[in-house]
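Engineer: A single structure is presented below for examination.
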Amino acid sequence: MSTSILLITPPFTQLNTPYPATAYLKGFLNTKGISSHQADLGIEVTLKLFSKKGLSSVFDLYQEKEETSKNAKRIFSLKEEYINSIEDVTLFLQGKNPTIAHFIASRNFLPEADRFLQIDDTSWAFGKMGIQDKAKHFATMYLEDLSDFIKECIDPHFGFSRYAEKLARSANSFDELYQSLQQPLSFIDEILIETLNLKLQNLNPKLVCISVPFPGNVFAALRCGQFIKKHYPNIKVAFGGGFANTELRDIKDSRVFEFIDFITLDDGEAPIENLLNYIGGKISQQELKRTFLVEHNQIIYINNSSCSDYKQHEVGTPDYNDLLLDQYINAIEVINPMHSLWSDGRWNKLTMAHGCYWGKCTFCDISLDYIKIYEPITANLICDRIEELIQKTGNNGFHFVDEAAPPALMKAVALEIIRRKLVVSWWTNIRFEKSFTRDLCLLLRASGCIGVSGGLEVASDRLLQLIQKGITVEQVAKVNKNLTDAGIMVHAYLMYGFPTQTEQETIDSLEMVRQMFEAGILQSAFWHQFTMTAHSPVGLNPEKFSVKKAKEVAITFANNDVEHIDETGTEHEAFSFGLKKSLHNFMHQTCLDYPLHKWFDFKTPKTTVAPNYISTVLNSIELPNQKATTKIIYLGKTPSLEIITKSKKGNQWEVASLTFETKKETISISVDSEQGKWLHLLLPKLSIENIKQYSLQEVKEDYEKNGLEDFELFWDNKPMNTLHNVGLLHL
């Protein structure tokens, strides 16, 4: 078997699902009739490592030293237990051995080392029946123990979702990476190269494209390139992906090209197509697209501006063929349903829109094309791709990996999913903007949306304005309530250390976060310390934000993270441990009543946020959208109608009782008989099944055409105001 292009993701990314870049590229190449094969070397190396043979080799390599930790010595002494249990655990985490869950959950099967010390009483989290998730959590701790052992005793670069990350993170110089690449292959390297070599022998590609999303993939990517250049000199090697797009735009060190032939930037479709044509002698070097290469020991950059990028409707549906979809490993490290979405479950990945529709956040790399160029896809095409992926993968879980999914497009996609009667479970990244009304959130949930993540960032209105986030803390709280009330889980990205942020603002932001967890409108979150990046507005104009570069550094390799000095703020690093420790507890619904100063081992100011700030915000009444142009859509079934005669003190009148059957309950309302008859006839017209969508104005006109009076009084009264619970939505 031979192929034109081999697309690989080097170790390591996620264990539970493929990183999507190669699937996106393969889907595009299919539209051009170009043969390709893809491989996730991360999961393949992981599976070889965590096998009886792999662990036996790990323990054979172990040499006890005086400085070896007690934990490592304990794991080594239990090596037989680890070797004998590893394949059962792997099969269980792949979903192939579910009945062993009871044995794992009993804590009588797996050997336990230091990671299990963090396990408290798990009965509150899993109850008596959550055996599968409880067992997954214990199995994850078991693998983490082994990972700790490998990192301490065998290969210090090892990590489940990254490899040799510190060598590439903020690596302005290539020196350290270059020196490490001259060293003999490590144990992990040997497994990687053995796996890669088999693919090269079987496929004989003309071009190997290595997609490198993160710093933790760079070393392994260059190891792959090094091996190919030495043993398969006729095969060309291209390096692209998120790391190149953000970090290698100013590359000057030609030694990098001892390991690869090309570096491509930004969207990969057109550059890869042109590379293949160039290698095949069909186009000249000057016709390459956004490509670095070396000529006469000098790096040159070629960007044929006459070659346009492909539009999103032209790039095809991601293709997951060739990947070992049934062998990914589900893990639960943090006992939190929202947090576990990143590590548990096999998600098909799609994009609603290229780039970011907001594109103003001052900490973000908004000058780069992958964010700057905004191009949405139609709801019809998105749902076509959903259906195609369900058919091909047999999986109906979707993660939309947008920078920030546009609310209007999310609404259109949700409507189309429901119209097509697709059964999907999906989640995505959003901005917490006011468009996420109660009724939009109910629509999203009805379409299968289970969770969203978004940036609350610094949780301070002054700093949010400085960031140009376009939101306030109050607005985020209201949106999160709408999402949570609809049954959609919420994860917040949090930030500390933004330029000019004071100690007081850091404590106040922690209090805002605490109150949101206490109110139940935030299920999961993660604190990031602000990093000034070269391509962000802060990095491009640091003086405007009252910071300055720590020093001018000669950039010959990676250029992204820029060390900065914030003379007006505070010592942000000091808050890191306390912020993360408090958040860990909040996510487990514990210690929400702790005084904030107890999270820190130094004196901190008292919060200036009122203790009931968030609850007061949430208690303010939010009315549904009443604009005349608002679309009124009904998701439910036609209710039954019964006309009932009532009498009181000799007077008789008729009322209409409408009974709605939902999936969860039966709901009845009573209204005036004529209004009830009209509503009974109206609801089928408002059905989501119909192409025609009625505006609130058209509903009012229909009401009045039927001789009925006081529309606003009827439409806004108590019975009608409960009908969002049965699917009557203002959108």
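Sequential numbering from 0 applies to the sequence shown in numbering that gives the first Met the number 0. Ideal Cβ placement from N, Cα and C applies to all residues, glycine included.
Please say whether E143 and R161 have beta carbons closer to each other than 8 Å?
Structural biologist: Result no, Cβ atoms of R161 and E143 do not sit closer than 8 Å.
Engineer: Where does D815 sit, in a helix, a strand or coil, going by DSSP?
Structural biologist: The first residue shown for the chain is 0 and the last is 730, placing residue 815 beyond what the model contains.
Engineer: By Cβ distance, which residues of its chain are closer than 8 Å to G158, with the 5 residues on each side in sequence left out?
Structural biologist: Closer than 8 Å at the Cβ level, and outside the excluded window around G158, lie F11, S146, K150, E164 and G215.
Engineer: Please name the residue, chosen from D87, C363 and N379, that lies closest to H312 on a Cα-to-Cα basis.
Structural biologist: Looking at the Cα atoms, N379 is the closest of the given residues.
Engineer: Taking 7 Å as the limit between beta carbons, can you name the residues of its chain near S419, skipping five residues before and five after?
Structural biologist: One detail in the question is off: residue 419 reads as Arg in this sequence, not Ser. Result list for R419: C382, in chain order.
Engineer: What do you get for S523, buried or exposed, if any count of 16 or more other CB atoms within 10 angstroms of its CB means buried?
Structural biologist: S523 is buried by the Cβ-count criterion.
Engineer: Grouping DSSP H, G and I as helix and E and B as strand, with all else coil, what is P638?
Structural biologist: P638 falls in the coil class under three-state DSSP.
Engineer: I want to know whether the segment 511 to 529 touches the segment 324 to 340 - three or more CB-CB distances under 8 Å.
Structural biologist: Because the criterion of three Cβ pairs below 8 Å is met, the segment 511 to 529 and the segment 324 to 340 touch.
Engineer: Counting beta carbon pairs with one atom in the segment 600 to 617 and one in the segment 696 to 716, are three or more of them shorter than 8 Å?
Structural biologist: Contact fails: fewer than three Cβ-Cβ distances are below 8 Å.
Engineer: In angstroms, rounded to a whole number, what distance separates the CA positions of D265 and G239?
Structural biologist: Between D265 and G239, the C-alpha separation is close to 8 Å.
Engineer: If you drop the 5 nearest sequence neighbours on each side, which residues of the same chain put their C-beta closer than 6 Å to that of N302?
Structural biologist: R289, listed in sequence order.
Engineer: By the DSSP assignment, the alpha helix (DSSP H) with A378 in it spans what residues?
Structural biologist: That run of the alpha helix (DSSP H) goes A378 to T392.
Engineer: In the DSSP assignment, what residue or residues form a beta bridge with I631?
Structural biologist: Answer is Y693 and H729, bridged to I631.
Engineer: For N317 and P270, what's the separation of their Cα atoms in angstroms?
Structural biologist: Reading off the sequence shown, one finds Pro at residue 317, where the question assumed Asn. In a straight line, the C-alpha of P317 is about 18 Å away from that of P270.
Engineer: Classify S523 as helix, strand or coil using the three-state DSSP reduction.
Structural biologist: Of the three classes helix, strand and coil, the one that applies to S523 here is strand, per DSSP.
Engineer: I believe Q326 touches Q474 by the beta-carbon criterion, under 8 Å. Please report the beta-carbon distance rounded to the nearest angstrom.
Structural biologist: At roughly 43 Å, the Cβ-Cβ gap does not stay under 8 Å, so Q326 and Q474 are not in contact.
Engineer: With distances taken between CB atoms, is the gap from N759 to E175 smaller than 8 Å?
Structural biologist: Look at the range of the chain in this structure, 0 to 730, and you will see that residue 759 is not part of it.
Engineer: Between N196 and S1, which are expected to be in contact by the criterion C-beta below 8 Å, what is the C-beta distance as a whole number of angstroms?
Structural biologist: N196 to S1, Cβ: 16 Å. No contact.
Engineer: Is it buried or exposed for S35, if we count other Cβ within 10 angstroms and need 16 for buried?
Structural biologist: S35 comes out buried.
Engineer: Assuming A167 contacts Q131 under a Cβ cut-off of 8 Å, what Cβ separation, rounded to an integer in Å, is found between them?
Structural biologist: Rounded, the Cβ-Cβ distance is 37 Å, inconsistent with contact.
Engineer: Would you mind reading off the limits of the alpha helix (DSSP H) that contains K52?
Structural biologist: Taken as a continuous stretch (DSSP letters only), the alpha helix (DSSP H) holding K52 covers K51 to L60.
Engineer: Can you name, in chain order, every residue of its own chain whose Cβ lies under 7 Å from the Cβ of Q692, other than the five neighbours on each side?
Structural biologist: Only K630 and I632 meet the Cβ criterion.
Engineer: Which class does D368 belong to by DSSP, given the choice of helix, strand or coil?
Structural biologist: If DSSP states are grouped into helix, strand and coil, D368 belongs with the helices.
Engineer: Given this structure, state the Cα-to-Cα distance separating E402 from Q181, to the nearest angstrom.
Structural biologist: Going by the C-alpha atoms only, they are around 38 Å apart.
Engineer: Taking the continuous alpha helix (DSSP H) assigned at H338, which residues delimit it?
Structural biologist: H338 -> no alpha helix (DSSP H), and no H or E assigned at all.
Engineer: Could you tell me the distance, in whole angstroms, from the CA atom of L367 to the CA atom of K229?
Structural biologist: Cα-Cα distance, rounded: 34 Å.
Engineer: Evaluate D600 with the Cβ neighbour count: other Cβ atoms within 10 Å of its Cβ, from every protein chain shown; 16 or more gives buried, anything less gives exposed.
Structural biologist: Under this definition D600 is an exposed residue.
Engineer: Roughly how many angstroms separate the alpha carbons of I620 and N171, rounded to a whole number?
Structural biologist: Using only the alpha carbons, I get a separation of about 53 Å.
Engineer: Nearest to L54 by alpha carbon, out of L40, F102, P19 and C152?
Structural biologist: Among L40, F102, P19 and C152, the Cα nearest to that of L54 belongs to C152.
Engineer: Skipping 5 residues on each side, what residues in its chain have a beta carbon closer than 7 Å to that of W731?
Structural biologist: Since the displayed the chain opens at 0 and closes at 730, residue 731 lies outside it and no answer follows.
Engineer: In the DSSP output, which residue or residues are listed as bridge partners for Y300?
Structural biologist: In the DSSP output, where bridge partners are listed per residue, Y300 has F291.
Engineer: Can you pull the DSSP bridge partners for G743?
Structural biologist: Lying outside 0 to 730, the shown extent of the chain, residue 743 is not represented and no answer is given.
Engineer: Do you know offhand how far E193's Cα is from Q200's?
Structural biologist: Answer to the nearest angstrom: the Cα atoms are 11 Å apart.
Engineer: Write down every uninterrupted run of the alpha helix (DSSP H) in the segment 2 to 46 whose length is 4 residues or greater and which is fully enclosed by it, in chain order.
Structural biologist: Here the runs fully enclosed are 20 to 30.
Engineer: Between the C-alpha atoms of A407 and S446, what's the straight-line distance to the nearest angstrom?
Structural biologist: Cα to Cα, the separation comes out at about 14 Å.
Engineer: Report buried or exposed for V552, applying the criterion of at least 16 other Cβ atoms within 10 angstroms of its Cβ.
Structural biologist: Result: exposed.
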